[in-house]
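J.: Residue numbers (the working numbering), protein chains in the order written: chain A, 179 to 533; chain B, 2 to 501.
Ideal Cβ placement from N, Cα and C applies to all residues, glycine included.
Below you will find the structure I want to go over with you.
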Amino acid sequence: MKVVIKQNPSPSVLANVIAFMGSLGAALLVAALILWSQGVDPLHAYARIFIGAFGSFYGWSETLTKAIPLMLCGLGLAVAFRSSFWNIGAEGQLLLGATAATGIALFVPIAGPSLLLLMILAGFLAGAAWGLLPAIFKGKLGANEVITTLMMNYIAMEIVKYLVTGPWKGATQFGFPYTDRFPSAAQLPVLAGTRVHYPTLVIGFALAVLLYVILRRTKLGYKIRVIGDNPHAAQYAGISYTRTILAVMIISGGLAGIAGVGEVAGVRHLLTTPEQISQGYGFTAIIVAWIAMRNPLAVIASSIFMGGLLVGGDVFQTSLGLPFQTINVFNGLILFFLIVGQIFVNYKISLRGEE
Amino acid sequence: MEPAEPVLEMKGITKEFPGVLANDHIDFDLRQGEIHGLLGENGAGKTTLMNILYGIYQPDEGEMWVRGKKVTIRSPKDAIELGIGMVHQHFKLAYPLTVLENVVLGSPVPFFSPLREAEKRINELAEKYKLQVNPRAKIWQLSAGERQRVEIIKALYRGATILILDEPTSVLTDREIADFFTVLRGMAKKNCAIVLITHKLAEVMALSNRVTVLQLGKVIQSVQTQKTSQPELAKAMVGRDVIFRLIRVPAEKGKAVLDVKDLCAYNDKGLPCLKNISFAVHEGEIFGIAGVAGNGQRELVEVITGMRRATHGKIFISGKDMTNCQTRKIAEIGVAHIPEERIDMGIVPNMSVAENLILTHQPIGSGGFLDYKHITRNADKLISDYKIATPSVQTPVKLLSGGNIQKLIVARETSVEPRLLLASHPTYGLDVSATEQIRRLLLKQRAQHTAILLVSEDLEEIMMLSDRIAVMYEGAIMGVMDAERAKSEELGLMMGGVKP
């Protein structure tokens, strides 16, 4: 027998849906084996995750809280991935945004809502700057963006660690690696009884629609799609690769930066270690963008789904006696199977006997 | 020395790719101690035939006999076991590794000091065949000529006595070519049998004992090299029946639109690919550039459109110096371009027909937005004017057939009434009706006083459409002549690097 692989030029929507469900199923199946090997009943565990994330008001509110940074980062990544610029650096861009917002909150003595606006602007600019550097390296020197964006995450983490244990360490925080608490003018309002900093959520929804329109209807969106699908055609048509990529990374890094503002101004109200600020949102957002098939509107749904999974991950620790990090196994498996699943959408695979 | 028994016979080899009969019942044989030239234009089926021999493709029909035994070659591994070696046009070497490591790659080695024996044998082979190369050098440090020697040593190390060389001189400098010829003659004397795939007439005449000419997948001629001549081979290589006749009204030649002066440029490998090229194309004129692909035509078009830097010389378009301007700027002053690589460059495969029809003329619309009403209307009009077969304007362009993709590109490029139209291989690989339609469109542009630069390998096309014809060979223009007076044999000679 011989395996014959042929390209399928026009996969149907149904094929995409089936591949998505199949990938998710396969990921859950493999994860079930891992849970079972640890002596945990997988069905019981899955029920607990679902109930934990979506079964109560508290569950929903926590899911939304985690969906906010995932949505903002995921939107930026969806745009970057559309241009085939593989930004793996949302985590670092988020942290830089958080850092800039913290700087404004702690050291700029203005009152009223203009302080928050300034923080959001600073977060956007810092994230954008952190995203621009790899775009410049790629455009001018041809440096592989997967490596540069990934590495810049670690630089960002070290900067944050240095600040919270060094110059920005709060006078009132004893031995902890915390900055001082933000003044109340620098804290985002939340829905009563929850940690949902709704202004950021509204920004996320609005940007999802805006980016959808940008990609579909504007000249910039056209250029992004041409570059992402066929860079040679872009060169032939006189579309500047470098300039388009710079615009893409201002958007992509900037949105991650706003996510960082949300985490410090909406959840923590101070800057602390990178792990506590972000919990890997910038990395999980890669999966968010991929599940959404790089469509900004679909990012809304996929970020809530992944937010729920993160909240459900707490269940591992609280009721199943497994470490919180077990959720990373889930994330990895889902992304892995989603990418594998795309092969079955884009190619027809059949078995054929030897002639 | 009279050639001995055939070491290799290929009988009735047929290979069909979707839409193309690459090899059509080809008979080919090779004798010990012989250099056999396999001559033909690109697309004639030379490389396909040799890939079948090397096991890369399976033939649909036909038999192969090696040293009197009927064989089936399923993979290069089988071919190597039969003593067949191939040096591809694009080398298959691992650049960070040493010569030694590349040569033994894939061969069994002893566990302890695995490379010692191999180094000895490589030195012996290098000595025997005069293939000097340092076994410990890394591939990236070597010149193209040295890399080629490594490829040959690799084949010999694996015991090859039948050697296939695919366009071996295309990457070499003149000096390297002379050395290389000496090596090949020496190998033939030592009883290797060599197939030399080439389109260069002089090489075949200088080097081979016999020559087989392929054209569109068929053997046209197979003779002793002594008994033929360059003009005869040129005719066999390019002569073919005229498929159709188009009526061409006399040209109304106007002012020069494109004026190229003393142009030089480098190719992707950093080697000179345009050598002081000068010519002019006038309003209402089709200026044809003939030549086998890879002689600088692609780079010439890229330099004119601003996609490649000119290192020397000037390009004037309608009297304005546009040397090394941005592609966008050059397009905006009225230069349209039908690119050689229509799928890889001319379209964005996953975007719609309508969006592809504005690729080279955005921005359409005001402010930052695209005017989709206009884009759809434009698409509707072009689809009906140019008879592009597509289910709808929203269909992703990758779903269209090759002919319709090309019609779309031609529609996009000619609908803006350009001053200068660059058309590279505009009908390559298209069926008869699409070919005819596109040729008619080019003539219509000519009637509208557009200056047209037509690059094509298809001599018939060049002769049918052009007012003047230039032939490019190794980055230089061999000569320019009026189409009325041009003879295909003469052009064929020039395409093979011979000045008539």
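Under 8 Å Cβ-Cβ, which residues of chain B neighbour residue 404/A?
T.: By one-based count along the first sequence, residue 404/A stands at place 226. Those within 8 Å of residue 404/A in chain B are 349, 352 and 360.
J.: Within a Cβ cutoff of 6 Å, which residues of the same chain sit near residue 326/A, ignoring the five residues on either side of it in sequence?
T.: Within the first sequence, numbered from 1, the residue matching residue 326/A stands at position 148. For residue 326/A, where only same-chain residues beyond five positions count, the Cβ hits under 6 Å are 312 and 315.
J.: Which class does residue 214/A belong to by DSSP, given the choice of helix, strand or coil?
T.: Here residue 214/A corresponds to residue number 36 of the first sequence, with the count starting at 1. Looking at residue 214/A - three-state DSSP - the assignment turns out to be helix.
J.: Compute the distance between the beta-carbons of residue 197/B and residue 151/B, then report whether it is under 8 Å.
T.: Translated into the one-based positions of the second sequence, residue 197/B becomes position 196. Translated into the one-based positions of the second sequence, residue 151/B becomes position 150. Taking 8 Å as the Cβ cut-off, residue 197/B and residue 151/B do not qualify as a contacting pair.
J.: Output, in sequence order along the chain, the residues in the segment 374-392 of chain B whose CB is closer than 7 Å to any CB in chain A.
T.: Listed by position, the residues of the segment 374-392 of chain B near chain A (Cβ gap below 7 Å) amount to none.
J.: For residue 181/B and chain A, any beta-carbon pair shorter than 8 Å?
T.: In the second sequence, counting from the first residue as 1, residue 181/B sits at position 180. With 8 Å as the cut-off, residue 181/B does not count as an interface residue toward chain A.
J.: Is the CB of residue 396/A under 8 Å away from at least one CB in chain B?
T.: In the first sequence, residue 396/A corresponds to position 218, counting from 1. It does; some Cβ of chain B falls within 8 Å.
J.: In whole angstroms, give me the CA-to-CA distance for residue 243/B and residue 193/A.
T.: Position 242 of the second sequence holds residue 243/B. Position 15 of the first sequence holds residue 193/A. Bear in mind that the predicted position of residue 243/B carries a pLDDT of just 42, short of 50, making it too unreliable to give a figure here.
J.: Rounded to whole angstroms, what is the Cα-Cα separation between residue 318/B and residue 258/B?
T.: Taking the first residue of the second sequence as 1, we reach residue 318/B at position 317. Taking the first residue of the second sequence as 1, we reach residue 258/B at position 257. Between residue 318/B and residue 258/B, the C-alpha separation is close to 5 Å.
J.: Assuming residue 288/B and residue 455/B are in contact, meaning their beta carbons sit under 8 Å apart, how far apart are those beta carbons, in whole angstroms?
T.: Here residue 288/B refers to the residue found at position 287 when the second sequence is read from its first residue. Here residue 455/B refers to the residue found at position 454 when the second sequence is read from its first residue. The Cβ separation is near 7 Å, so the contact holds.
J.: Residues in the segment 3-29 of chain B with C-beta within 7 Å of chain A's C-beta atoms, listed in sequence order?
T.: Correct list: empty, as no residue qualifies.
J.: By the 9 Å beta-carbon criterion, what residues does the segment 327-341 of chain B contribute toward chain A?
T.: Under the 9 Å Cβ criterion, the segment 327-341 of chain B contributes 327, 328, 329, 330, 331, 332, 333, 338 and 340.
J.: Would you say residue 69/B reaches chain A, if we count a Cβ-Cβ gap shorter than 8 Å as a contact?
T.: By one-based count along the second sequence, residue 69/B stands at place 68. No, residue 69/B does not count as interfacial toward chain A.
J.: Just to make sure I have the definition right: I need the residues of chain A whose C-beta is within less than 7 Å of the C-beta of residue 369/B. Which are they?
T.: In the second sequence, counting from the first residue as 1, residue 369/B sits at position 368. Neighbours of residue 369/B on chain A, chain order: 396, 397 and 398.
J.: Could you tell me which chain A residues have their CB closer than 8 Å to the CB of residue 308/B, listed as they occur along the chain?
T.: Within the second sequence, the letter at position 307 stands for residue 308/B. Ordered by position in chain A, the residues that pass the 8 Å Cβ test against residue 308/B are 413 and 414.
J.: If you measure between the beta carbons of residue 403/A and residue 256/A, is that distance less than 8 Å?
T.: To locate residue 403/A, count along the first sequence from 1; it is residue 225. To locate residue 256/A, count along the first sequence from 1; it is residue 78. No.
J.: For residue 265/B, which beta-bridge partners are listed by DSSP?
T.: The residue labelled residue 265/B in the question sits at position 264 within the second sequence. Paired residues: 313/B.
J.: So, is residue 447/A buried or exposed, given that buried needs 16 or more other C-beta atoms within 10 angstroms?
T.: Translated into the one-based positions of the first sequence, residue 447/A becomes position 269. Buried is the call here.
J.: For residue 13/B, name the three-state secondary structure that DSSP assigns.
T.: As a first step, residue 13/B is located in the second sequence; it is residue number 12 there, counting from the start. Three-state result, residue 13/B: strand.
J.: Is residue 508/A buried or exposed, if buried means 16 or more other CB atoms sit within 10 Å of its CB?
T.: Numbered from 1 along the first sequence, position 330 holds the residue referred to as residue 508/A. Its Cβ being crowded by 16 or more others within 10 Å, residue 508/A is buried.
J.: So does the segment 361-372 of chain A actually touch the segment 439-459 of chain A, counting three or more Cβ pairs closer than 8 Å?
T.: Touching, per the Cβ criterion.
J.: Which ranges would you report for the alpha helix (DSSP H) in the segment 405-458 of chain B if only whole runs of at least 4 residues count?
T.: You should have 433-448.
J.: Just the Cα atoms here: how many angstroms apart are residue 239/A and residue 479/A?
T.: As a first step, residue 239/A must be located in the first sequence, where it is residue number 61. As a first step, residue 479/A must be located in the first sequence, where it is residue number 301. In a straight line, the C-alpha of residue 239/A is about 15 Å away from that of residue 479/A.
J.: Under a CB-based cut-off of 8 Å, is residue 323/B close to chain C?
T.: The displayed structure is made up of protein chains A and B, and chain C is not among them.
J.: I'd like to confirm the pairing. Which residues does DSSP put opposite residue 276/A in its beta bridges?
T.: On the first sequence, residue 276/A is found 98 positions in, with the first residue counted as 1. Residue 276/A pairs with nothing; no bridge assigned.
J.: Which runs of the alpha helix (DSSP H) spanning at least 4 residues fall entirely within the segment 313-357 of chain A, listed in chain order?
T.: Here the runs fully enclosed are 323-343.
J.: With a threshold of 7 Å on Cβ separation, who are the neighbours of residue 12/B within its own chain once the five nearest residues in sequence on each side are excluded?
T.: Along the second sequence, one-based indexing puts residue 12/B at 11. Answer for residue 12/B: 28, 63 and 64, listed in chain order.
J.: Taking the alpha carbon of residue 368/A as the point to measure from, which residue in 215/A, 379/A and 282/A has its own alpha carbon closest?
T.: Within the first sequence, residue 368/A is the residue found at index 190, counting from 1. Measuring from the Cα of residue 368/A, the nearest candidate turns out to be 379/A.
J.: Hey, residue 428/B and residue 337/B: beta-carbon distance below 8 Å or not?
T.: Your numbering for residue 428/B matches position 427 in the second sequence. Your numbering for residue 337/B matches position 336 in the second sequence. No, the Cβ-Cβ distance between residue 428/B and residue 337/B is not below 8 Å.
J.: So for residue 59/B, helix, strand or coil by DSSP?
T.: Along the second sequence, one-based indexing puts residue 59/B at 58. Residue state, collapsed to three classes: coil.
J.: Tell me residue 386/B's beta-bridge partners as DSSP assigns them.
T.: For the purposes of this step, residue 386/B is taken as residue 385 along the second sequence, with counting starting at 1. According to DSSP, which records beta bridges pairwise, residue 386/B is partnered with nothing at all.
J.: Which whole runs of the alpha helix (DSSP H) in the segment 273-319 of chain B are 4 residues long or more, in chain order?
T.: Counting whole runs of 4 or more residues, the segment 273-319 of chain B contains the alpha helix (DSSP H) stretches 298-305.
J.: Residue 361/B to residue 273/B, Cα distance in whole Å?
T.: For the purposes of this step, residue 361/B is identified with residue 360 of the second sequence, where counting begins at 1. For the purposes of this step, residue 273/B is identified with residue 272 of the second sequence, where counting begins at 1. Spanning the two alpha carbons is a distance of roughly 29 Å.
J.: Please list, in chain order, the chain A residues whose beta carbon lies closer than 9 Å to that of residue 345/B.
T.: Locating residue 345/B in the second sequence gives position 344, counting from the first residue. The answer, in chain order, is 408, 410 and 411.
J.: List, in chain order, every chain A residue whose beta-carbon is nearer than 9 Å to that of residue 356/B.
T.: Counting from one through the second sequence, the residue named residue 356/B turns up at place 355. Residues of chain A passing the Cβ test: 400, 403 and 404.
J.: Under 8 Å Cβ to Cβ from residue 71/B, same chain only, skipping five residues before and after it: list those, please.
T.: Reading the second sequence from its first residue, position 70 is the one you call residue 71/B. If we look at residue 71/B and ignore the five residues flanking it on each side, its Cβ neighbours are 64 and 65.
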